[in-house]
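*Asks:* The sequence shown runs 313 to 695 under the working numbering. Right, I'll just put the structure down here and ask away after.
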Amino acid sequence: MKEQSGTTALYALLFLAVLYTLYFAASLLIPIVLALLLSLQISPLVATLNRYYVPRAVSAALLLVAIGGPFTLLGMELVEPAQKWMKRVPEVTARVNEQLTEISEALAPTTPQAPVEQARPKPEKDTGILNFFGWFDDDEAQQADEEVAQTPPAPQPSTAMSDRLVLGAIEMTMTVVAQTPVFLAQCLVCIILVLFLLVYGPGIYNTAIEVLPQIRDKSQASQLVADTQRELSRYILTVSLINLGLGLVTAAVLWLMRFEDPLLWGAMVALLNFAPYVGTLLSLAVLTMAGLSQYGLEWAALLPAGAYFILNTLEAQLITPAVLGRNMQMNPLIIMLWLVIWGWLWGMAGVLIAVPLLVCIRLVLARSDVCKPWLRLIESRAN
Numbered sequence: 313m314k315e316q317s318g319t320t321a322l323y324a325l326l327f328l329a330v331l332y333t334l335y336f337a338a339s340l341l342i343p344i345v346l347a348l349l350l351s352l353q354i355s356p357l358v359a360t361l362n363r364y365y366v367p368r369a370v371s372a373a374l375l376l377v378a379i380g381g382p383f384t385l386l387g388m389e390l391v392e393p394a395q396k397w398m399k400r401v402p403e404v405t406a407r408v409n410e411q412l413t414e415i416s417e418a419l420a421p422t423t424p425q426a427p428v429e430q431a432r433p434k435p436e437k438d439t440g441i442l443n444f445f446g447w448f449d450d451d452e453a454q455q456a457d458e459e460v461a462q463t464p465p466a467p468q469p470s471t472a473m474s475d476r477l478v479l480g481a482i483e484m485t486m487t488v489v490a491q492t493p494v495f496l497a498q499c500l501v502c503i504i505l506v507l508f509l510l511v512y513g514p515g516i517y518n519t520a521i522e523v524l525p526q527i528r529d530k531s532q533a534s535q536l537v538a539d540t541q542r543e544l545s546r547y548i549l550t551v552s553l554i555n556l557g558l559g560l561v562t563a564a565v566l567w568l569m570r571f572e573d574p575l576l577w578g579a580m581v582a583l584l585n586f587a588p589y590v591g592t593l594l595s596l597a598v599l600t601m602a603g604l605s606q607y608g609l610e611w612a613a614l615l616p617a618g619a620y621f622i623l624n625t626l627e628a629q630l631i632t633p634a635v636l637g638r639n640m641q642m643n644p645l646i647i648m649l650w651l652v653i654w655g656w657l658w659g660m661a662g663v664l665i666a667v668p669l670l671v672c673i674r675l676v677l678a679r680s681d682v683c684k685p686w687l688r689l690i691e692s693r694a695n
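Here is the structure:
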């Protein structure tokens, strides 16, 4: 009994240590994990080209340019509208807050104001015997003080909420601007790591399989990695094409609605759709704020978010299940908890890579003989 409790405590400490490491080493681990996921997807193509006597360094560089080139051009095209909208965030927040204040004031019940009384002249001081003791003057002064105390103060326009919203929007904008150099540095490190993993990774992996004594079945380990690469590449490619289609259709619908910068919102929708549920909510919130900026506090401001919601519902309920099938479906509660954990650990980057990482773990568990209960837990469906 003591040994079992000691083992449980050891596992709990190990789990906390892993969480601590993942949280505080986020800037180091994010590009490494992203590079591993990308190299797993591109490695089969590099291996195929290598069979036709194309060097791995050449094929890896060409594939990175072919994949990253369009994204780089798209990012350069969207920098200007993104900066424009980031500058408009405080203005939009203040305008929406002013309109909400006007509506609340219009709907608030009006209280009749008390008529303004003219200042009455102070009665002349009585010099009689009764006034000698101060009886009447004290009573009149006390009554006047009570009337002043009971008079409600004039309503003052409160700007605390407006100032707080504007400051919050400015802080969010400054945070994004401050994190941009770190993001660009992580992207550069990720690209370099992907290139080195594609060129030198297979040699290290084959040597590890031959040298490490813990790996007894060498062929099974090689087959496990090959199957994981193939299935993960198929899943990521399929989801990427679905998200690209959703982004293009959303941009086209917003363009027909004469909405500003439809390409920017289509790219945002396609990127955030890699994070189920959370990405949908973020896209709806951003499109609602953009609609309020363009149309003001009117019903037309909800049209962009409403159009995206209809398109996202069709994609999530019809297209994705039909294309991926039930074999790649996972429990929504597990996905949501996984997203929350990785969002807390690594922020938006963790949210975007959480589901591909979970798919990779599921593929490894499905093709190995360990942790079968965890696989059934991930694949469990609603009754």
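Note that CB positions come from ideal geometry on N, CA and C, so glycine has one too.
#1: With burial defined as no fewer than 16 other Cβ atoms inside 10 Å of the residue's Cβ, what is the status of Ala-564: buried or exposed?
#2: Can you tell which of Ala-678, Leu-390, Trp-658 has its C-alpha closest to the C-alpha of Leu-331?
#3: Taking all protein chains shown into account, decide if Gln-498 is buried (16 or more other Cβ within 10 angstroms of its Cβ) or exposed.
#4: Going by DSSP in three states, Glu-627 sits in which element: helix, strand or coil?
#5: Which stretch, first to last residue, makes up the alpha helix (DSSP H) that contains Met-580?
#6: Cα-Cα, which of Leu-349, Val-676, Pro-393 is closest to Leu-576?
#7: So, are the CB atoms of Thr-600 and Ala-619 less than 7 Å apart?
#8: Should the region 644–662 be regarded as contacting the region 329–344, the criterion being three or more beta carbon pairs within less than 8 Å?
#9: Hey, out of Val-671, Leu-350, Lys-684, whose CA is closest to Leu-509's CA?
#10: Hey, is the region 352–360 in contact with the region 537–546, meaning 3+ C-beta pairs nearer than 8 Å?
#11: Given that a residue counts as buried once 16 or more other Cβ atoms are within 10 Å of its Cβ, and exposed if not, what is Phe-580?
#12: Please classify Gly-559: is it buried, with 16 or more other beta-carbons within 10 angstroms of its beta-carbon, or exposed?
#13: Give the DSSP-derived three-state secondary structure of Pro-668 in the structure shown.
#14: Let's test the definition: count the other Cβ atoms within 10 Å of the Cβ of Cys-672 and tell me whether it reaches 16, buried, or not, exposed.
#15: My output table needs one value for Pro-367: the three-state DSSP class, helix, strand or coil.
#16: Mark Val-590 as exposed unless 16 or more other C-beta atoms lie within 10 angstroms of its C-beta, in which case mark it buried.
#17: Determine the burial state of Cys-683: buried for a count of at least 16 other Cβ atoms within 10 Å of its Cβ, exposed for fewer.
#18: Could you check which residue in Ala-321, Ala-337, Ala-347, Trp-611 has the C-alpha nearest to that of Gly-513?
*Replies:* Taking the definition as stated:
#1: Burial call: exposed.
#2: Leu-331 has its Cα closest to that of Trp-658, out of Ala-678, Leu-390, Trp-658.
#3: Buried.
#4: Helix, per DSSP.
#5: 574–584 is the extent of the alpha helix (DSSP H) around Met-580.
#6: Among Leu-349, Val-676, Pro-393, the Cα nearest to that of Leu-576 is on Pro-393.
#7: It is not a contact, given that the beta carbons lie outside the stated cut-off.
#8: Segment contact: the region 644–662 against the region 329–344, three or more CB-CB distances shorter than 8 Å; contact assigned.
#9: Cα-wise, what sits closest to Leu-509 is Leu-350.
#10: Touching, per the Cβ criterion.
#11: Before going on, a small fix: residue 580 reads as Met here, not Phe. Answer is buried; the Cβ neighbour count reaches 16.
#12: Counting Cβ neighbours within 10 Å, Gly-559 comes out buried, since at least 16 surround it.
#13: Note: Pro-668 maps to helix in three-state DSSP.
#14: Per the 10 Å Cβ criterion, buried.
#15: It is coil, neither helix nor strand.
#16: Taking all protein chains in view, the Cβ of Val-590 is crowded by 16 or more other Cβ atoms within 10 Å, so the residue is classified as buried.
#17: It is exposed - the Cβ of Cys-683 has fewer than 16 other Cβ atoms within 10 Å.
#18: Considering only alpha carbons, the answer is Ala-347.
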